[in-house]
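For reference, the structure discussed in these notes is given below.
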Amino acid sequence: MRYDDFRHSDNIDDRRGEDGGGMGGGRLGIPMGGGGLGIGTVIVLGLLGYAFGIDPRILIGGAEILTGGGGGAPTYQTDRPSGQRKTGAPTDEMGRMIAGVLGELDDRWSEIFKADGRNYTGPKIVLFRNATNGGRCGMAQSAMGPFYCPPDRTIYLDTAFFREVETRFRGCSGSACKFTAAYIIAHEAGHHVQNLLGILPRVNRAQQQAGSRAQANALQVKVELQADCLSGVWVNREEKKRPGFLEPGDIDAALKTATAIGDDTLQRQATGRVVPDSFTHGSAAQRRQWFMTGYQQGNVAACNTFGAGAL
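Sequential numbering of the sequence shown, starting at 316, is according to the working numbering.
Here you go:
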């Protein structure tokens, strides 16, 4: 991916110089879908689920942030004073790439919203190492990966996750990893678009009224697949705006990553079996399909994973 001419957004809170907040009496839920899972599996599922999800706790047991239910929230120590944080576009290579992707996401989505008579305000990105205060979505931890916090309209991102994709999951190699990182950020920005369009609140209400956890999970899958599609829409629009920004192997790297984080892939690796009713993000084939749908068609209407009138 070529990004030297990207417009750099300064809507970034860079907390990577902080040591992160300590954790107090937190608790981890247990993934559903039959049979107990070891703590190693919980961590891996949390990392991968959170990487492309709204809230990492959906995969590892709870959904209190989205539904407003559940018991008392765990308590955490706070981060170091905000005065020690850096705001604005970072100057290191990884930070500059992220700032550039965010700037281009904001510009392309502003164009799309304007064509529909709407105004677009982009999300903030918080960069951190290890752990940080995740605002109204609780504690953000590196073991969980990137996520979008709807009430704060903020993406939380430990940049070490991109190295995990490259080394542990072999989702990319070399320069293609930069595009994989852009794909991940664009997916989280897709959740922001869903939030602005009122899709997330409507899904939340539908999940609360669902007759079973399987039905609620099925709705969550549609949310995640739509975000995959919306990330593809951005790539399509960006390619038209900046021909040549994609390099050979970029799209293939994104599809490999989508395969690696499909629910069926993760469940098969973790437990040796696949339980579709417990899917929360979609199968590998679905994730590839919907990203390519957005990329090939380049419009939001193509990303109706819910079906006509479903919400």
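We put the beta carbon where it would ideally sit given N, CA and C, even for glycine.
Got a sec? Which residues, its chain only, sit under 7 Å from M347 by beta carbon, not counting five neighbours each side?
Unreliable placement is indicated for M347, whose pLDDT of 27 sits below 50; no coordinate value is reported for it.
Let me make sure I understand the geometry here. Which of C544, K537 and T595 has the alpha-carbon closest to that of A569?
Answer by Cα proximity: C544.
Option nearest L442 by Cα separation, candidates A414, S546 and G513
In terms of CA proximity to L442, A414 leads the group A414, S546 and G513.
Rounded separation between S598 and Q535 - CA only:
Distance from the CA of S598 to the CA of Q535, rounded to the nearest whole angstrom, comes to 13 Å.
Note the first and the last residue of the continuous alpha helix (DSSP H) segment covering Y498.
Element bounds for Y498: A491 to L511.
Every unbroken alpha helix (DSSP H) inside the segment 400–462 [4 residues or more]:
When DSSP assignments are scanned along the segment 400–462, the uninterrupted stretches of alpha helix (DSSP H) that are 4 or more residues long and fall wholly within it turn out to be 408–430.
When W424, S324 and E539 are compared against G432, the one with the closest alpha-carbon:
Residue W424 is the option with its Cα nearest to G432.
Do the segment 571–578 and the segment 514–529 make contact, defined as three or more Cβ pairs closer than 8 Å?
Flag = no, the segment 571–578 and the segment 514–529 do not touch.
Evaluate K269 with the Cβ neighbour count: other Cβ atoms within 10 Å of its Cβ, from every protein chain shown; 16 or more gives buried, anything less gives exposed.
Here the chain comprises residues numbered 316 to 626, so residue 269 is not present and cannot be evaluated.
So, is K556 buried or exposed, given that buried needs 16 or more other C-beta atoms within 10 angstroms?
Result: exposed.
For D567, count neighbouring C-beta atoms within 10 Å of its own C-beta (all shown protein chains included) and say buried if the count is 16 or more, exposed if not.
The residue in question, D567, is exposed, as its Cβ has fewer than 16 Cβ neighbours within 10 Å.
By a C-beta neighbour count over all protein chains shown, 10 Å radius and 16 as the cutoff for buried, is Q509 buried or exposed?
With 16 or more other Cβ atoms within 10 Å, it is buried.
Should G418 go down as buried or exposed, given a rule of 16 or more other Cβ atoms within 10 Å for buried?
The Cβ neighbour count for G418, taken over all protein chains shown within 10 Å, is at least 16; the residue is labelled buried.
Just verifying my parser: in three-state terms, what is the DSSP assignment at D319?
If DSSP states are grouped into helix, strand and coil, D319 belongs with coil.
With which residues is D473 paired in a DSSP beta bridge?
The partner list for D473 (beta bridge, DSSP) reads F443.
Three-state secondary structure (DSSP) at D592?
Look at D592 here: in three-state DSSP terms it is helix.
I need the straight-line Cα distance from Q604 to A617, nearest angstrom please.
Rounded to whole angstroms, Q604 to A617 spans 12 Å at the Cα level.
Expressed to the nearest angstrom, what Euclidean distance is found between the alpha-carbon atoms of R317 and Q456?
Taking the straight line joining both Cα atoms gives about 30 Å.
Identity of the residues DSSP links to I327 by a beta bridge
I327 has I440 as its beta-bridge partners, per DSSP.
In angstroms with no decimal places, state the Cα-to-Cα distance between D319 and P465.
Taking the CA atoms as reference points, D319 sits about 30 Å from P465.
Cutting at 8 Å between CB atoms, please list the residues of its own chain near S546, excluding the five before and the five after it.
Cβ within range, chain order: Y498, A501, H502, A504, G505, F606 and G609.
Whose C-beta lies closer than 6 Å to the C-beta of I439 among residues of the same chain, with five residues either side of it excluded?
A quick correction: the sequence has Lys, not Ile, at residue 439. Once the five neighbours on either side are set aside, the close Cβ partners of K439 are N326 and T469.
Quick check on T580: buried or exposed, where buried means 16 or more other Cβ atoms within 10 Å of its Cβ?
By the neighbour-count rule (16 or more Cβ atoms within 10 Å), T580 is buried.
CA-CA distance, M459 and A525?
Across the structure, M459 and A525 are spaced so that their CA atoms are roughly 27 Å apart.
Cα-Cα separation between A531 and Q522, rounded to whole angstroms:
For A531 and Q522, the gap between their C-alpha atoms comes out near 5 Å.
Of the residues T620, G403 and F321, the one placed nearest A533, counting alpha carbons only:
Closest option to A533, Cα to Cα, is T620.
How close, in whole Å, do the beta carbons of D473 and G410 come, if the pair is a contact with beta carbons under 8 Å?
The pair is not a contact, with the Cβ atoms about 13 Å apart (cut-off 8 Å).
C464 bridges to which residues according to DSSP?
BP columns for C464 point to T469.
Helix or strand or just coil, what does DSSP make of Q522?
Q522 falls in the helix class under three-state DSSP.
Which residues in the same chain have their Cβ closer than 8 Å to the Cβ of S397, if we skip the five residues on either side of it in sequence?
Confidence at S397 is low in this model, with a pLDDT of 44, below 50, so the placement of that residue should be treated as unreliable; the coordinate-derived value is given next. Within the same chain, and ignoring the five residues on either side of S397 in sequence, no residue has its Cβ closer than 8 Å to its Cβ.
So, at 6 Å on beta carbons, what are the nonlocal neighbours of L540 in its own chain, with the 5 sequence-adjacent residues on each side left out?
Only G597, Q601, W605 and T620 meet the Cβ criterion.
Quick check on this structure: which residue in F428, G332, E554 and L511 has the alpha carbon closest to the alpha carbon of T402?
Check the Cα spacing between T402 and each of F428, G332, E554 and L511: the tightest is with G332.
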